[in-house]
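Engineer: Numbering (the working numbering), first residue to last: 10 to 400.
In this text, a Cβ means the ideal position worked out from N, Cα and C, and glycines have one as well.
First the structure, which I've put down as structure tokens, then a few questions once you've had a look.
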Ligand SMILES: *Cc1c(COP(=O)(O)O)cnc(C)c1O
């Protein structure tokens with residue numbers, strides 16, 4: 010127990026202690042903190058990018074499924090938990106992603122930690138972008154495959170590693186995110202696809218932050234760049250732009266049939282409950298019928314970047330709805346997020362170990378809940394905070 014206390018004390022000293030922050034959701038991107046010395050907050054930390062978590066069609070579809078089918082699916086998919094709405098959602102996802110088939114998982118974390126170990130194991134190799142999400146790292150570790158990390162978004166480094174090491178292993182898997190969760194930038198997907206083809210590897214693309222947001226039909230960056238036929242597997246979550254919970258993997262029928270047999274986080278876990286599957290189906294309908302939502306989201310994200318620049322702040326480059334501002338030290342990130350909090354803006358101070366040491370940042374996510382005035386307010390408050398806390 011002493012060891013645990015010492016660990017937490019050290020985290021606190023390094024401004025790295027993680028603490029839960031209780032809030033009440035008031036809707037429309039507003040939060041009421043339990044700590045009533047704080048004002049009502051504009052939520053700049055939510056991944057509910059398209060505001061679908063409150064969309065009437067999503068709520069109605071969820072409610073209908075709940076009333077018709079009950080609160081639980083009652084079992085895993087391979088037992089009696091495999092409902093018609095699970096199949097329907099998988100068909101919709103496969104269509105959206107331009108793949109033959111899709112498979113649902115309990116969450117994105119479960120998808121990555123289930124899919125990667127099913128595809129590769131001892132004697133195999135994974136080439137993984139250094140900034141890939143923790144669930145990808147954990148999937149790689151769990152697989153027992155040799156994992157080689159290439160420099161973030163650096164196809165030259167990937168190529169170098171493939172040339173030197175691919176030959177020494179049986180199977181090879183390349184894993185990237187299409188939009189990076191902490192940097193908000195986009196991977197050079199066409200180049201990555203070219204390399205994986207040249208070096209006989211499978212490619213898994215994590216579209217957690219792209220699904221519903223990018224692409225003419227909201228299918229993600231893969232769709233936008235016309236690469237569906239050349240990407241072996243893509244995954245994404247229903248917990249971000251799609252406004253509810255759960256995740257999917259989209260691939261060929263063969264790969265999906267294989268994962269039904271070998272994806273342990275799929276096999277040994279209860280199927281998603283009807284209310285969640287209903288919400289996901291409703292969300293896909295909205296994505297299909299209201300393309301103006303993603304257009305507005307990306308327009309407002311560009312606007313927010315401009316407001317920051319007008320305040321003399323340079324966000325990390327990118328064109329996504331994730332707008333990080335690098336501040337360096339964890340203590341400064343914490344002081345700035347505190348300043349914003351006290352003035353009505355909730356944003357995440359992302360610190361080591363989530364990001365590399367010295368690269369602590371404020372991560373703003375723009376959502377359809379926030380209007381241009383809200384965006385301008387946040388940019389102005391950040392400028393004020395920076396003036397009060399010179400680095
Ligand atoms: C959020 C996220 C996940 C995990 O998805 P959940 O459904 O929240 O478990 C996986 N990969 C990336 C890149 C993410 O940002």
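#1: Looking at residue 254: is its Cβ nearer than 7 Å to the Cβ of residue 248?
#2: Does residue 332 come out as helix, strand or coil in the three-state DSSP assignment?
#3: Please go through the region 231-277 and give each complete beta strand (DSSP E) segment of 3 or more residues, from N-terminal end onward.
#4: When you compare only the Cα positions, how much space is there between residue 161 and residue 194?
#5: Label residue 16 either buried or exposed according to how many other C-beta atoms from any shown protein chain fall within 10 Å of its C-beta, with 16 as the threshold for buried.
#6: Can you have a look at residue 191 and say buried or exposed, based on whether 16 or more other CB atoms are within 10 angstroms of its CB?
#7: By a C-beta neighbour count over all protein chains shown, 10 Å radius and 16 as the cutoff for buried, is residue 228 buried or exposed?
#8: Considering only the beta carbon of each residue, do residue 342 and residue 323 sit closer than 7 Å?
#9: Under the rule that 16 or more other beta-carbon atoms within 10 Å means buried, what is residue 106, buried or exposed?
#10: What does the alpha-carbon distance come out to for the pair residue 67 and residue 284?
#11: Starting from the N-terminal end, write out each residue whose C-beta falls within a distance shorter than 5 Å of any non-hydrogen atom of ligand 1.
#12: Just to confirm the assignment: which complete beta strand (DSSP E) runs, minimum length 3, are found wholly within the region 61-114?
#13: Quick test of your reading: residue 215 and residue 145, contact by CB under 8 Å. State the CB separation rounded to the nearest angstrom.
#14: Given a cut-off of 7 Å on the beta-carbon distance, is the pair residue 52 and residue 36 in contact?
#15: Use the C-beta contact count for residue 122: other C-beta atoms within 10 angstroms, 16 or more gives buried, fewer gives exposed.
#16: Which of helix, strand or coil does DSSP assign to residue 159?
#17: Could you please give the first and the last residue of the uninterrupted beta strand (DSSP E) stretch that includes residue 42?
#18: How is residue 223 classed by DSSP in three states: helix, strand or coil?
#19: Between 112, 338 and 242, which has its C-alpha nearest residue 370's C-alpha?
#20: Quick one: what does DSSP say residue 279 is sitting in, helix, strand or coil?
#21: So, at 6 Å on beta carbons, what are the nonlocal neighbours of residue 166 in its own chain, with the 5 sequence-adjacent residues on each side left out?
#22: What separation, rounded to the nearest whole angstrom, lies between the Cα atoms of residue 86 and residue 296?
#23: By Cβ distance, which residues of its chain are closer than 6 Å to residue 179, with the 5 residues on each side in sequence left out?
#24: Please list, in chain order, all residues of the same chain as residue 188 whose beta carbon is under 6 Å from its beta carbon, the five residues on each side excluded.
#25: Express the C-alpha separation of residue 164 and residue 200 in angstroms, rounding to a whole number.
#26: Would you call the CB atoms of residue 333 and residue 345 closer than 7 Å?
#27: Work out the CA separation of residue 206 and residue 136 for me, nearest whole Å.
Structural biologist: In terms of the structure at hand:
#1: For the 7 Å CB-CB criterion, residue 254 and residue 248 form a contact.
#2: If DSSP states are grouped into helix, strand and coil, residue 332 belongs with the strands.
#3: Runs of the beta strand (DSSP E) inside the region 231-277: 242-246 and 256-260.
#4: Taking the CA atoms as reference points, residue 161 sits about 10 Å from residue 194.
#5: When all chains shown are included, residue 16 counts as exposed.
#6: When all chains shown are included, residue 191 counts as buried.
#7: It is buried - the Cβ of residue 228 has at least 16 other Cβ atoms within 10 Å.
#8: No, the Cβ-Cβ distance between residue 342 and residue 323 is not below 7 Å.
#9: Looking at its Cβ environment, which holds 16 or more other Cβ atoms inside 10 Å, residue 106 is buried.
#10: Linking residue 67 to residue 284 through their CA atoms gives a straight-line distance of about 10 Å.
#11: Per the Cβ criterion, the list is 116, 117, 118, 142, 144, 186, 190, 215, 217, 246, 248 and 256.
#12: Those beta strand (DSSP E) runs which fall completely within the region 61-114 and span 3+ residues are 110-114.
#13: Right, the Cβ-Cβ distance comes to about 6 Å (below 8 Å), so this counts as a contact.
#14: Taking 7 Å as the Cβ cut-off, residue 52 and residue 36 do not qualify as a contacting pair.
#15: Around the beta carbon of residue 122, 16 or more other beta carbons lie within 10 angstroms, which makes this residue buried.
#16: Strand.
#17: It spans 39-42 - the beta strand (DSSP E) in which residue 42 sits, taken as one unbroken run.
#18: It is coil, neither helix nor strand.
#19: Closest option to residue 370, Cα to Cα, is 338.
#20: Strand.
#21: For residue 166, where only same-chain residues beyond five positions count, the Cβ hits under 6 Å are 159 and 160.
#22: Taking the straight line from one Cα to the other gives about 26 Å.
#23: Same-chain partners within the cutoff: 132 and 133.
#24: Cβ neighbours of residue 188 beyond the five flanking positions: 195, 218, 219 and 329.
#25: Rounded to whole angstroms, residue 200 to residue 164 spans 7 Å at the Cα level.
#26: No; because the gap between Cβ atoms is not below 7 Å, this pair is not in contact.
#27: When the Cα atoms are used, residue 136 and residue 206 turn out to be separated by approximately 13 Å.
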